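Comments concern the structure below.
Chains as they are written, first to last, in my numbering: chain A, 1125 to 1336; chain B, 1125 to 1336.
Take a look at the structure:
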């Protein structure tokens, strides 16, 4: 399998963590999102993923799967252990709700193409764009996530789940933009617990071959 | 069970469709999102859903589930038939990818609180906000969704799936804001096929008790 990835894409980062947790080795294919208008906007890549976003997972038969959470649910079906979504339906819903609070309500507002729209068509300064970025990380999701998780030591108990897989890349983004997280102690504790696991450490943006 | 809903919320609309398709009756509890600063921002509602968003599904034991897609996956586990996510892992990933392309990359950009930020802190006119809204519906997701679905007659074949459940409310939003969809014939055909099903028709915003 091949994972089309970009070191700093938090959606690709999620899939890298999930692959590592499940012990699945794939070929990493870096996609240059920033240089020359972005490789993801070129016909070659759009043929694989019409959304022009990373990640995309290409299976050995050429089938391409897109959307990080759909890819992780696929991995969960074909390689169930260790489980990232608990079997109990209520616990599964709580885990998925945290993942979606970040994947739907936090991260998309700060995607590269959205920041470009704020700077381009809407003419905002870098300072205004940065304020937008910081606002949505906390108000968009992390503040609520702090109340939705137990955090002992992972979001929902003794082992990492899909919630941790999605939370850690968002915390990385928050730190990169100097967002204050001191008022979110459970999230900080979960992030620290995850950082001690090799599956998370190896998926970190700075550990990728395409890290700039 | 109780569904905290708002007639025009497309996330609540998704859950209404899924409940109808599965034949699950729930008590509908309307949440007034727009009047008086929004009932969803008040302590009573925040105690149920710290994100301050609809929908939320309250189970008979008082457990509250949030995030529309997490709620629908829960319903899929406790009431598997008719299936909204196909059992084949690759087909499941394709269905979820379409749902997520809308739920993550289209809808959140046009959420009420985001439009309020554009109007408030960023000082944009209604015309600029409307242009933003229209841009993200098409560029954010529907253009790619048109290429990801088969559309015969539903997104992925003979029966509606999670993809249709999420697509139809987004098409409703597009129409409400006069977004041209003529260049997306498969999406229009799917929407028409869904409209003929009672489960979709009864979930429509205009059919809700709280419709303004």
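By construction, the Cβ of each residue, glycine as well, lies at the ideal position given by its N, Cα and C atoms.
In this text the structure is predicted, and so the values were computed from the model without any measurement.
Apply the 10 Å Cβ neighbour rule to residue i and answer buried if 16 or more other Cβ atoms are within range, or exposed otherwise.
i, result
"residue 1148 of chain A", "exposed"
"residue 1315 of chain A", "buried"
"residue 1159 of chain B", "exposed"
"residue 1229 of chain A", "buried"
"residue 1240 of chain A", "exposed"
"residue 1319 of chain B", "exposed"
"residue 1161 of chain B", "exposed"
"residue 1176 of chain A", "buried"
"residue 1282 of chain B", "exposed"
"residue 1294 of chain B", "buried"
Quick one, are the C-beta atoms of residue i and residue j less than 7 Å apart?
i, j, result
"residue 1268 of chain A", "residue 1225 of chain A", "yes"
"residue 1126 of chain B", "residue 1151 of chain B", "yes"
"residue 1178 of chain B", "residue 1134 of chain B", "no"
"residue 1310 of chain B", "residue 1275 of chain B", "yes"
"residue 1238 of chain B", "residue 1213 of chain A", "no"
"residue 1296 of chain B", "residue 1258 of chain B", "no"
"residue 1289 of chain B", "residue 1195 of chain B", "no"
"residue 1371 of chain A", "residue 1303 of chain A", "In the structure as shown, chain A starts at 1125 and stops at 1336, and residue 1371 of chain A therefore has no counterpart that could be examined."
"residue 1305 of chain A", "residue 1298 of chain A", "yes"
"residue 1265 of chain A", "residue 1233 of chain A", "no"
"residue 1251 of chain B", "residue 1277 of chain B", "no"
"residue 1197 of chain A", "residue 1220 of chain B", "yes"
To the nearest angstrom, how far is the alpha carbon of residue i from that of residue j?
i, j, result
"residue 1322 of chain B", "residue 1208 of chain B", "16 Å"
"residue 1308 of chain A", "residue 1271 of chain A", "9 Å"
"residue 1206 of chain A", "residue 1144 of chain A", "11 Å"
"residue 1191 of chain B", "residue 1185 of chain A", "34 Å"
"residue 1146 of chain B", "residue 1138 of chain B", "13 Å"
"residue 1223 of chain A", "residue 1193 of chain A", "8 Å"
"residue 1200 of chain B", "residue 1218 of chain B", "17 Å"
"residue 1231 of chain A", "residue 1335 of chain B", "31 Å"
"residue 1167 of chain B", "residue 1333 of chain A", "47 Å"
"residue 1329 of chain B", "residue 1255 of chain B", "23 Å"
"residue 1136 of chain B", "residue 1204 of chain A", "30 Å"
"residue 1235 of chain B", "residue 1227 of chain B", "11 Å"
"residue 1153 of chain A", "residue 1153 of chain B", "48 Å"
"residue 1248 of chain B", "residue 1249 of chain A", "14 Å"
Determine which residues share a DSSP beta bridge with residue i and list them.
i, result
"residue 1127 of chain A", "A:1152 and A:1181"
"residue 1188 of chain B", "B:1182"
"residue 1281 of chain B", "B:1278"
Short of 8 Å in beta carbon distance, which residues of its chain neighbour residue i, apart from the five on each side in sequence? Order them along the chain.
i, result
"residue 1216 of chain A", "1209 and 1210"
"residue 1155 of chain B", "1128, 1129, 1130, 1163, 1164, 1169 and 1178"
"residue 1331 of chain B", "1325"
Which residues in the same chain have their Cβ closer than 6 Å to the Cβ of residue i, if we skip the five residues on either side of it in sequence?
i, result
"residue 1172 of chain B", "1180 and 1188"
"residue 1157 of chain A", "1130 and 1164"
"residue 1174 of chain A", "none"
"residue 1246 of chain A", "none"
Identify, in the order they occur along the chain, each residue of the same chain with its Cβ nearer than 7 Å to the Cβ of residue i, setting aside the five sequence neighbours on each side.
i, result
"residue 1243 of chain A", "1253"
"residue 1279 of chain B", "1222, 1273, 1285, 1287, 1288, 1291 and 1314"
"residue 1324 of chain B", "1141, 1292 and 1318"
"residue 1312 of chain B", "1305"
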